[in-house]
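Visitor:
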Amino acid sequence: MQQAIERNVSYQPVIGLEVHVELATQSKMFCGCRNVFGAPPNTLVCPVCLGMPGTLPVINRRAVEFLCKTGMALGCDVAPFSKFDRKNYFYPDMPKNYQISQYDMPLTTGGSVRLASGKRIALNRIHLEEDTGKNIHAGTSMAASEYTLIDYNRAGVPLMEIVSEPHIATPEEAEQYLSALKSVLSYIGVSDVKMHEGSLRCDANISVRPAGTSTLGVKAEVKNMNSFRSVVRALRFEIERQTEALTSGERIIQETRNWDDARGVTYSTRSKEQAHDYRYFPDPDLVPLTLDDATLAQWREELPELPLDKRDRFIAEYGVSEYEAGILTEDRSAAEFFEAVARACGDGKQAANWMLGDVRRSLEKHSLTLATSPVRPAQLAELIRIVAAGQISGKAAKEVCDAVVAEGTDPQAVVAQRGLSQISDTEAVGAMVDDALAANPESVASYKGGKAKALEFLVGQVMKSSRGKANIDIVRELLRERLG
25 MQQAIERNVS
35 YQPVIGLEVH
45 VELATQSKMF
55 CGCRNVFGAP
65 PNTLVCPVCL
75 GMPGTLPVIN
85 RRAVEFLCKT
95 GMALGCDVAP
105 FSKFDRKNYF
115 YPDMPKNYQI
125 SQYDMPLTTG
135 GSVRLASGKR
145 IALNRIHLEE
155 DTGKNIHAGT
165 SMAASEYTLI
175 DYNRAGVPLM
185 EIVSEPHIAT
195 PEEAEQYLSA
205 LKSVLSYIGV
215 SDVKMHEGSL
225 RCDANISVRP
235 AGTSTLGVKA
245 EVKNMNSFRS
255 VVRALRFEIE
265 RQTEALTSGE
275 RIIQETRNWD
285 DARGVTYSTR
295 SKEQAHDYRY
305 FPDPDLVPLT
315 LDDATLAQWR
325 EELPELPLDK
335 RDRFIAEYGV
345 SEYEAGILTE
355 DRSAAEFFEA
365 VARACGDGKQ
375 AANWMLGDVR
385 RSLEKHSLTL
395 ATSPVRPAQL
405 AELIRIVAAG
415 QISGKAAKEV
425 CDAVVAEGTD
435 PQAVVAQRGL
445 SQISDTEAVG
455 AMVDDALAAN
465 PESVASYKGG
475 KAKALEFLVG
485 QVMKSSRGKA
495 NIDIVRELLR
505 ERLG
């Protein structure tokens, strides 16, 4: 298929994404082999996933559940009746020479992915299939490899394909779509969505058309994009390539292209197949899949609050900004940690400030995450309370926070062990203020002469004499009173 030539016009991209998600089941899609990443090559295989004659597949119920929950979370229509089909093609990483997939009766259709901006990207379908093996190319790149090894551990792993409509307008919007989708999948626990391990993979269908028209151009399918950044770069390159080709009078052909991240280019690998090229037909070894209303209702009931819904609620309930809420809800466990802190201390804004400030810095300092740190929500809430009560200074609070995050020690214990309690008794602080005034008559005269900086010098003298333990707000208040 070729795209007609149109010169002297501006072009706009039309982008659709196919996202492949490995499901976090304990076993593979149609056999009992373990579904584990990183095992030695070809150790997680059996006659079923290697396509040996006489073997029969059995559907993984958990995989069906995970796909249906994904569809429910994204507002899809879940089909009570669906079936599996054989997609026939020959490739070294496909041991059976066909892939069990779903063609004309997928488990879910419709739905959409809501972006942080509020825009929704419509979905076409989500279907269930089995993953292929993994080709391991010897050499620095696929194009330069001298030979290829095949690891079949991944063959037969449950794979969910999420197909968007071609409604994505820019490479940056594609990244937003992937980020929003990844967040939903992580929240509902159907996948670990680790792109660097291959459990989240993305192919892009992209074409360009004259701006303001509705007719779709001839698309290229772009593969081998291993990060969100790669997706953006590959789409930008492909938009430029297709636009330059049409502007110079060339024709666009429908093809599959691979992204070369090192060179920053796409290159053609084969002409793009049509559906009829795969000779789909119902898998004779698998009965149609029927889902009852009670099961679907139970799965829907088990869904958690979704990330953007949680973000909106945090803004309304805890008074945090949209930016703060966005960061706090990126990870489900972090969002739940924040909410536990906010409820325990009664101040959502302060909880957010600590989570995004000193707690984050301490985690980075000690190479920890909230999941690996011993800190508990109740401990952070207690720290926020004792700071608000004036028991410790802001400087001491940072020290306490660091100890709590790194060691999981209760804040009050850290304060007691390190002698960090703040002196807030007015009489005690007043005596220190009087001593500072008596010892520094020149500064007193300077302040009264209009030099405001002299006050800060006197504050520093009081803090020095108290070894940093005097409540600095009380110090300033008493100094102003005494100096008139």
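One point on numbering: in my numbering, the residue at position 298 of the sequence shown is 322, and numbering is uninterrupted. Think of the CB as a built atom: it goes at the ideal place given N, C-alpha and C, for glycine as much as any other residue.
Can you check DSSP and say which residues form a bridge with K111?
Guide: Along the sequence shown, one-based indexing puts residue 111 at 87. Q123.
Visitor: Specify the secondary structure class of V424 as computed by DSSP and reduced to three states.
Guide: To locate residue 424, count along the sequence shown from 1; it is residue 400. The answer is helix: DSSP assigns V424 an H, G or I state.
Visitor: Does the Cβ of M487 have 16 or more other Cβ atoms within 10 Å, making it buried, or fewer, making it exposed?
Guide: The residue given as residue 487 occupies position 463 in the sequence shown. The residue in question, M487, is buried, as its Cβ has 16 or more Cβ neighbours within 10 Å.
Visitor: Just tell me which of Q266, R178 and R281 has its CA closest to the CA of E274.
Guide: What you label residue 274 is simply residue 250 of the sequence shown in a count that begins at 1. E274 has its Cα closest to that of Q266, out of Q266, R178 and R281.
Visitor: Smallest Cα separation from T237: which of L310, I276 and Q36?
Guide: Your numbering for residue 237 matches position 213 in the sequence shown. The residue with the shortest Cα to Cα distance from T237 is Q36.
Visitor: Assuming N177 and P116 form a contact by the criterion Cβ under 8 Å, report the distance between their Cβ atoms to the nearest whole angstrom.
Guide: Counting from one through the sequence shown, the residue named residue 177 turns up at place 153. Counting from one through the sequence shown, the residue named residue 116 turns up at place 92. Their Cβ separation, rounded to whole angstroms, is 15 Å, which puts N177 and P116 out of contact at 8 Å.
Visitor: The alpha helix (DSSP H) with G454 in it runs from where to where?
Guide: Sequence index remark: in the sequence shown, residue 454 carries index 430 (1-based). T450 to A463 is the span of the alpha helix (DSSP H), which, as asked, contains G454.
Visitor: The beta strand (DSSP E) spanning S188 covers which residue range?
Guide: On the sequence shown, position 164 is the one that residue 188 refers to. Element bounds for S188: P182 to S188.
Visitor: Along the alpha helix (DSSP H) that carries C73, what are the first and last residues, could you check?
Guide: Here residue 73 refers to the residue found at position 49 of the sequence shown. Note, C73: premise wrong, no alpha helix (DSSP H); not H, not E.
Visitor: Which partner residues does A137 have in the DSSP bridge list?
Guide: Counted from its first residue, the sequence shown places residue 137 at position 113. Just to set this straight, residue 137 is Val in the shown sequence, not Ala. Bridge partners of V137: I145.
Visitor: Check whether the Cβ atoms of L47 and A97 sit closer than 7 Å, and answer yes or no.
Guide: By 1-based counting over the sequence shown, the position of residue 47 is 23. By 1-based counting over the sequence shown, the position of residue 97 is 73. It is not a contact, given that the beta carbons lie outside the stated cut-off.
Visitor: With 16 other CB atoms within 10 Å as the buried threshold, where does K419 fall?
Guide: Taking the first residue of the sequence shown as 1, we reach residue 419 at position 395. Classification of K419: exposed, given that the 10 Å Cβ count is below 16.
Visitor: By Cβ distance below 6 Å, which residues in the same chain neighbour D190 in space, the five residues on each side in sequence not counted?
Guide: Position 166 of the sequence shown, counted from the first residue, corresponds to residue 190. Reading the sequence as shown, one finds Pro at residue 190 and not Asp. Closer than 6 Å at the Cβ level, and outside the excluded window around P190, lie V38 and G40.
Visitor: Count the CB pairs spanning the region 454–466 and the region 408–422 that are closer than 8 Å, and state whether there are at least three.
Guide: No, the region 454–466 is not in contact with the region 408–422.
Visitor: Rounded to a whole number of angstroms, what is the C-alpha to C-alpha distance between S254 and R294?
Guide: By one-based count along the sequence shown, residue 254 stands at place 230. By one-based count along the sequence shown, residue 294 stands at place 270. For S254 and R294, the distance between alpha carbons rounds to 21 Å.
Visitor: State buried or exposed for P312, treating a residue as buried only when at least 16 other CB atoms are found within 10 Å of its CB.
Guide: Within the sequence shown, numbered from 1, the residue matching residue 312 stands at position 288. The residue is exposed, with fewer than 16 neighbouring Cβ atoms inside 10 Å.
Visitor: Where in the region 333–375 do unbroken runs of the alpha helix (DSSP H), each at least 4 residues long, occur, reported from the N-terminal end onward?
Guide: Within the region 333–375, the complete alpha helix (DSSP H) runs of at least 4 residues are 346–352 and 356–369.
Visitor: Identify whether D227 lies in helix, strand or coil by the three-state DSSP scheme.
Guide: Numbered from its first residue, the sequence shown carries residue 227 at position 203. Three-state result, D227: strand.
Visitor: Using 7 Å as the threshold, is the C-beta distance between E89 and W323 below it?
Guide: If you number the sequence shown from 1, residue 89 lands on position 65. If you number the sequence shown from 1, residue 323 lands on position 299. A contact, by the Cβ cut-off of 7 Å.
Visitor: Taking just the CA atoms, how far does N84 sit from I192?
Guide: By 1-based counting over the sequence shown, the position of residue 192 is 168. By 1-based counting over the sequence shown, the position of residue 84 is 60. Rounded to the nearest angstrom, the two C-alpha atoms are 33 Å apart.
Visitor: Distance check for L327 and K93, CA to CA, integer angstroms please.
Guide: To locate residue 93, count along the sequence shown from 1; it is residue 69. To locate residue 327, count along the sequence shown from 1; it is residue 303. Each residue's alpha carbon lies about 7 Å from the other.
Visitor: According to DSSP, is T433 helix, strand or coil?
Guide: By one-based count along the sequence shown, residue 433 stands at place 409. Looking at T433 - three-state DSSP - the assignment turns out to be coil, as it is neither helix nor strand.
Visitor: Given that a residue counts as buried once 16 or more other Cβ atoms are within 10 Å of its Cβ, and exposed if not, what is D382?
Guide: If you number the sequence shown from 1, residue 382 lands on position 358. Buried, since its Cβ has 16 or more Cβ neighbours within 10 Å.
Visitor: Would you call the CB atoms of L224 and L152 closer than 7 Å?
Guide: In the sequence shown, residue 224 corresponds to position 200, counting from 1. In the sequence shown, residue 152 corresponds to position 128, counting from 1. Their beta carbons are not under 7 Å apart, which means L224 does not touch L152 by this criterion.
Visitor: Pick out whichever of E360, G134 and Y304 has its Cα sitting closest to the Cα of Y113.
Guide: Within the sequence shown, numbered from 1, the residue matching residue 113 stands at position 89. That would be Y304, whose Cα lies nearest to the Cα of Y113.
Visitor: Suppose you measure from the CA of A318 to the CA of M379; what does that come to, to the nearest Å?
Guide: Position 294 of the sequence shown, counted from the start, is the residue given in the question as residue 318. Position 355 of the sequence shown, counted from the start, is the residue given in the question as residue 379. Straight-line Cα distance between these residues: approximately 41 Å.
Visitor: Mark Q403 as exposed unless 16 or more other C-beta atoms lie within 10 angstroms of its C-beta, in which case mark it buried.
Guide: Position 379 of the sequence shown, counted from the first residue, corresponds to residue 403. The residue is buried, with at least 16 neighbouring Cβ atoms inside 10 Å.
Visitor: For I29, which three-state DSSP category applies?
Guide: Numbered from 1 along the sequence shown, position 5 holds the residue referred to as residue 29. At I29 the pLDDT is 48, less than 50, meaning the model places this residue with poor confidence; the figure from the coordinates comes in the next sentence. DSSP places I29 in coil when its eight states are reduced to three.
Visitor: For A478, count neighbouring Cβ atoms within 10 angstroms of its own Cβ and tell me buried if that reaches 16, exposed if not.
Guide: Taking the sequence shown and counting its residues from 1, one reaches residue 478 at position 454. It counts as buried.
Visitor: I think C369 touches A413, with their Cβ atoms under 8 Å apart; what is that distance to the nearest whole Å?
Guide: Taking the sequence shown and counting its residues from 1, the one referred to as residue 369 is at position 345. Taking the sequence shown and counting its residues from 1, the one referred to as residue 413 is at position 389. The pair is not a contact, with the Cβ atoms about 11 Å apart (cut-off 8 Å).
Visitor: So, at 7 Å on beta carbons, what are the nonlocal neighbours of D497 in its own chain, with the 5 sequence-adjacent residues on each side left out?
Guide: Your numbering for residue 497 matches position 473 in the sequence shown. None.
Visitor: DSSP state of E279, grouped into three classes?
Guide: By one-based count along the sequence shown, residue 279 stands at place 255. Note: E279 maps to strand in three-state DSSP.
Visitor: Please classify K488: does DSSP put it in a helix, a strand, or coil?
Guide: The sequence position of residue 488 within the sequence shown is 464, counting from 1. Of the three classes helix, strand and coil, the one that applies to K488 here is helix, per DSSP.
Visitor: Alpha carbon to alpha carbon, how far is A376 from T433?
Guide: In the sequence shown, the residue the question calls residue 376 occupies position 352. In the sequence shown, the residue the question calls residue 433 occupies position 409. Using only the alpha carbons, I get a separation of about 21 Å.
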